[in-house]
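>
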Amino acid sequence: MTSVLYRVPAAPYPKAVMAQGMYIQDDSGKRYLDMSGGAAVSCLGHAHPKIVEAVRDQVGKLAFAHTAFFTNEPQEQLARRLTERFGDPAARAYFTSGGSEANETALKITWQYWAARGKPDKKIIISREHSYHGNTFGVLSVSGNSARRRASAAPLLDWPRIAPCYAHRNRTVDESMEQYVERVSGELESAILKVGADRVAAFICEPVVGSSLGVVAAEAGYLQRIRAICDRYDILWIADEIMCGSGRTGTFFAFEHDGTRPDIATLAKGIGGGYQPLAATVMSGSIADTLRHSGFAHGHTYIGHPVSCAAGCAVQDVLDRDKLLAVTQTCGQRFGRLLAERFCEHPNVSEVRGRGLFWAMELVADRASQRGFPLPDGNALPARLMRTAMETGLICYPGGIEIDGACVPHIMLAPPMILEESHMLEAADKLTAVLDNMLNA
Ligand SMILES: Cc1ncc(COP(=O)(O)O)c(C=O)c1O
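Under the working numbering, think of the first position of the sequence shown as 245, with each following residue one higher.
1) Decide yes or no for the touch test of the segment 443-450 against the segment 629-647: beta carbon pairs closer than 8 Å, at least 3 of them.
2) Just reading off the beta strand (DSSP E) that Ala558 is part of, what are its end residues?
3) In or out: Ser530 buried (at least 16 other Cβ within 10 Å) or exposed?
4) Could you check if Gln319 is buried or exposed, using at least 16 other CB atoms within 10 Å of its CB as the buried criterion?
5) Quick one: measure Cβ to Cβ for Ala584 and Val596, integer angstroms, because I've assumed they're closer than 8 Å.
6) Assuming Ile662 and His374 form a contact by the criterion Cβ under 8 Å, report the distance between their Cβ atoms to the nearest whole angstrom.
7) Along the chain, where does the alpha helix (DSSP H) containing Thr416 start, and where does it finish?
8) Does ligand 1 have a heavy atom nearer than 7 Å to the CB of Asn389?
9) Have a look at Gly465 and His310 and give me their C-alpha separation to the nearest angstrom.
10) Please determine whether the Cβ atom of Met656 lies at a distance below 7 Å from any heavy atom of ligand 1.
11) Can you give me the start and stop residues for the alpha helix (DSSP H) that Phe381 sits inside?
12) Rounded to a whole number of angstroms, what is the C-alpha to C-alpha distance between Arg413 and Ala407?
13) With a 10 Å radius around its C-beta and 16 neighbouring C-beta atoms as the bar for buried, classify Cys557 as buried or exposed.
14) In the DSSP assignment, find the alpha helix (DSSP H) that holds Val571 and state where it starts and stops.
15) For Ile680, which three-state DSSP category applies?
16) Pick out whichever of Asp507, Arg361, Gly430 has its Cα sitting closest to the Cα of His537.
17) Ligand 3 and Trp403: does the residue's C-beta get closer than 7 Å to at least one heavy atom of that ligand?
18) From Leu569, Val261, Ala284, pick the residue whose C-alpha is nearest to that of Lys274; which is it?
19) Output the distance between the C-alpha atoms of Ala334 and Met527, rounded to the nearest integer angstrom.
20) Determine which residues share a DSSP beta bridge with Tyr641 and list them.
21) Any contact of the segment 343-356 with the segment 531-551, i.e. 3+ C-beta pairs under 8 Å?
22) Look at the alpha carbon of Asp475 and the alpha carbon of Met487, and state the distance between them as a whole number of angstroms.
23) Roughly how many whole angstroms lie between the Cα atoms of Val386 and Arg372?
24) Using only alpha-carbon positions, find the residue among Lys305, Glu589, Arg394, Glu463 that is nearest to Arg420.
25) Around the C-beta of Ser341, are 16 or more other C-beta atoms found within 10 angstroms, so that it is buried, or is it exposed?
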């Protein structure tokens, strides 16, 4: 018997009791290789001594001082480091406890920025189909993930959504990649013109889509086109880097890969490495400057929490000290090669794709037709894949979307940056067993 309402209320869960490095252990002594860092959270693995020490020190020194009264050194330091990485010396950062709050903060910043600039009618947020930006009312309203929207039973707002940049599924046979990029980015311009630029506040997207599509990176030129369209119509671009940021793809911000920069970027998960709840909303200097004059009506009790920000600073220290962005690139290439060797020819694998230490396999019922798994049973596949993986002692992150009346599942992998060759091989063997089990079921 439990008094906890679980994430899936009727599901049984093993009880995690300790974790070290790449492994989590449950109360029966069973060990699980953590190849997804939960949901791209544990970027430095578990029980990293430097982060544990920083958290302990900060709790003893200053556990809490409400930000209505004080600032604190960890949040000042972390803001300096993140704004430096953002590449705008006048940028500022706002710290919350999780990804949904960070994106809600981005929306509040956007609306208050436009109000302060004398354009209070700019309210509409354009987003993309299949996207996920969080579970609170506002950010679920700008999420295109239809299953999550439906399941929430919430009276969500219904603002315009455009197609994601997902060439593997949506590029037509007679289209070059350049033509495809022009077409999908052009959807943003059409959506803006349809409702009127004077009513559109921002466009939000993940530069590399994480769990909702299964690690789908924007094609070359897409984000630059998005930047240009937003500039043309005076619209802010919010990059949701909750999952793909914090070094996961081999650059600190995923957008760096594309040689462009959003007006606002949100971070969570890897920024605190799971040692404390932590998220950040980083905004350009020009937005920060406007808000400095107009004020900013927002806030939660735990914003800028000293212990969370101390954990964040320690994660940044380790990233720099151990040169983990470079490690993520080289180790990621090795991992990607291994996944391709082992799974590209698998009869149920449609594509192996990724960047840095962020990888996914898209699965199909039939490779020739690229059809997914028939509904309604197909929709149960991601949960079954997760259960089977757990039984084999592997933590990975399956998901799936509906395409043409079938479920197209994927398995996302976002291993800690301390990953070694032996972990890659163990993961590949376990994934083979999971896929075999699925085939024979
Ligand atoms: C891209 C993206 N945005 C936002 C969120 C919401 O973050 P949180 O669950 O910390 O509220 C998630 C969570 O998975 C995410 O993947």
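All C-beta atoms in this analysis are idealised placements derived from N, C-alpha and C, irrespective of residue type, glycine included.
If you're wondering where the values come from, they're calculated on a predicted model, not measured in any experiment.
According to the data block:
1) Touching, no, given that fewer than three Cβ pairs across the two stretches are closer than 8 Å.
2) For this step, residue 558 is matched to residue 314 along the sequence shown. Annotation: Ala558 is outside any beta strand (DSSP E); the continuous alpha helix (DSSP H) that includes it extends over 550-565.
3) By 1-based counting over the sequence shown, the position of residue 530 is 286. Exposed, because fewer than 16 other Cβ atoms sit within 10 Å of the Cβ of Ser530.
4) Working through the sequence shown from its first residue, we reach residue 319 at position 75. Buried, by the Cβ-count rule.
5) Taking the sequence shown and counting its residues from 1, one reaches residue 584 at position 340. Taking the sequence shown and counting its residues from 1, one reaches residue 596 at position 352. Rounded, the Cβ-Cβ distance is 5 Å, consistent with contact.
6) Reading the sequence shown from its first residue, position 418 is the one you call residue 662. Reading the sequence shown from its first residue, position 130 is the one you call residue 374. Incorrect: roughly 31 Å between the Cβ atoms, too far for contact.
7) Reading the sequence shown from its first residue, position 172 is the one you call residue 416. Premise fails: Thr416 is in no alpha helix (DSSP H) and is neither H nor E.
8) As a first step, residue 389 must be located in the sequence shown, where it is residue number 145. Proximity of the beta carbon of Asn389 to ligand 1 is not indicated: no heavy atom of the ligand is located closer than 7 Å.
9) On the sequence shown, position 221 is the one that residue 465 refers to. On the sequence shown, position 66 is the one that residue 310 refers to. Approximately 43 Å, taken between the alpha carbons.
10) In the sequence shown, residue 656 corresponds to position 412, counting from 1. The answer is no for Met656.
11) On the sequence shown, position 137 is the one that residue 381 refers to. First-last of the alpha helix (DSSP H) with Phe381: 381-385.
12) Position 169 of the sequence shown holds residue 413. Position 163 of the sequence shown holds residue 407. When rounded, the distance between both Cα atoms is 11 Å.
13) Taking the first residue of the sequence shown as 1, we reach residue 557 at position 313. The residue in question, Cys557, is buried, as its Cβ has 16 or more Cβ neighbours within 10 Å.
14) As a position in the sequence shown, residue 571 is number 327, starting the count at 1. Counting along the chain, the unbroken alpha helix (DSSP H) around Val571 starts and ends at 568-587.
15) Here residue 680 refers to the residue found at position 436 when the sequence shown is read from its first residue. The sequence given here has Asp at residue 680, not Ile. It is helical.
16) Counting from one through the sequence shown, the residue named residue 537 turns up at place 293. Closest option to His537, Cα to Cα, is Arg361.
17) Because ligand 3 does not appear in the structure shown, any question about it cannot be addressed here, the ligands present being ligand 1.
18) As a working note, residue 274 is residue 30 in the sequence shown. The shortest Cα separation from Lys274 among Leu569, Val261, Ala284 belongs to Val261.
19) Reading the sequence shown from its first residue, position 90 is the one you call residue 334. Reading the sequence shown from its first residue, position 283 is the one you call residue 527. Each residue's Cα considered, the two are about 9 Å apart.
20) What you label residue 641 is simply residue 397 of the sequence shown in a count that begins at 1. Partner(s): Met656.
21) At 8 Å Cβ cutoff, the stretches touch.
22) Position 231 of the sequence shown, counted from the first residue, corresponds to residue 475. Position 243 of the sequence shown, counted from the first residue, corresponds to residue 487. The straight-line gap from Cα to Cα measures roughly 25 Å.
23) For the purposes of this step, residue 386 is taken as the residue at position 142 of the sequence shown. For the purposes of this step, residue 372 is taken as the residue at position 128 of the sequence shown. Between the C-alpha atoms of Val386 and Arg372 there is a straight-line separation of about 8 Å.
24) Position 176 of the sequence shown, counting from 1, holds the residue named residue 420. The sequence as given places Ser at residue 420; Arg does not occur at that position. The shortest Cα separation from Ser420 among Lys305, Glu589, Arg394, Glu463 belongs to Glu463.
25) Indexing the sequence shown from 1 puts residue 341 at position 97. With 16 or more Cβ atoms within 10 Å of its Cβ, Ser341 is classed as buried.
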